[in-house]
Amino acid sequence: MANGAPGRWEEWEGRRRAQQQWEALRSEKMERLLKELGQGAHLYKVKSSTKLLQRQFFLDTKNMVLYYKGSRRKGRNTDISISKIREVREGEKDFSKKLNGVDKRMCFGLVLGGSHKVMYLMASRQEVRDMWVRGLRYAVQMDHLAEQRNEVDKYPFE
Numbered sequence: 001m002a003n004g005a006p007g008r009w010e011e012w013e014g015r016r017r018a019q020q021q022w023e024a025l026r027s028e029k030m031e032r033l034l035k036e037l038g039q040g041a042h043l044y045k046v047k048s049s050t051k052l053l054q055r056q057f058f059l060d061t062k063n064m065v066l067y068y069k070g071s072r073r074k075g076r077n078t079d080i081s082i083s084k085i086r087e088v089r090e091g092e093k094d095f096s097k098k099l100n101g102v103d104k105r106m107c108f109g110l111v112l113g114g115s116h117k118v119m120y121l122m123a124s125r126q127e128v129r130d131m132w133v134r135g136l137r138y139a140v141q142m143d144h145l146a147e148q149r150n151e152v153d154k155y156p157f158e
């Protein structure tokens, strides 16, 4: 194109590559992991080393939401959109004072939104923590890729 705008072929090729990346991410192994996270697990919200709140966490991949049950506050929003998660950190790589006095190998943090607020969670076993870290990172990656696909779809053909 003379004006430097992408032509139909380049746009189609871009969509095709995005689709291939999307399909490569959705492996059978990861699908099983996401299904397991959808069934839920008991995790602790870490408020401080002495204040751990046990909650039942679930990953809803259809609506791309992480949510939990067990809050005693009425009307409390317990849904966290996957698109709001900026990063999933392993506990031993985080230096927050909130994690002092707890086993960091069992913890992970979710960096949320533009304010970069961090929600710390702790599992009962390191295998459970690793499963949630892997699954949430995958869900975040899937969500970002879906957003990119939607951005490509916004541009009209010439």
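Numbering follows the UniProt record's numbering, with no gaps: position 78 of the sequence shown is 78. We treat Cβ as the ideally placed atom computed from N, Cα and C, and that holds for glycine.
> By the 10 Å Cβ neighbour count, where 16 or more other Cβ atoms means buried, how is residue 1 classified, buried or exposed?
Replying inline: Because the pLDDT at residue 1 is just 45, under 50, the model does not fix this residue reliably, and the value given afterwards should be weighed accordingly. The residue in question, residue 1, is exposed, as its Cβ has fewer than 16 Cβ neighbours within 10 Å.
>> Using a 10 Å radius around the Cβ and a threshold of 16 neighbouring Cβ atoms, would you call residue 55 buried or exposed?
In response: buried
>> Nearest by alpha-carbon distance to residue 59: which of 52, 81, 148, 50 is it?
In response: 81
> CB-CB under 8 Å to residue 170, same chain, minus the five flanking residues each way: which ones, in chain order?
Replying inline: In the structure displayed, the chain extends from 1 to 158; residue 170 sits before or after that span and is not available.
>> Rounded to whole angstroms, what is the Cα-Cα separation between residue 158 and residue 8?
In response: Low local confidence applies: a pLDDT of 47 at residue 158 is under 50, so the model's placement there is unreliable, and no value is given.
> Taking all protein chains shown into account, do 16 or more other C-beta atoms lie within 10 angstroms of the C-beta of residue 174, making it buried, or fewer, making it exposed?
Replying inline: Not covered by the structure: residue 174. The range shown for the chain is 1 to 158.
>> So the candidates are 114, 90, 143, 115; which of them puts its Cα closest to the Cα of residue 106?
In response: 90
>> Excluding the 5 residues flanking residue 148 on each side, which residues of the same chain have their C-beta closer than 8 Å to its C-beta?
In response: 18
> Taking C-beta to C-beta, are residue 43 and residue 57 nearer than 7 Å?
Replying inline: yes
> Which word fits residue 108, buried or exposed, when buried means at least 16 other C-beta atoms lie within 10 angstroms of its C-beta?
Replying inline: So residue 108 counts as buried.
>> Taking the straight line between their C-alpha atoms, what separation do you get for residue 38 and residue 126?
In response: 19 Å
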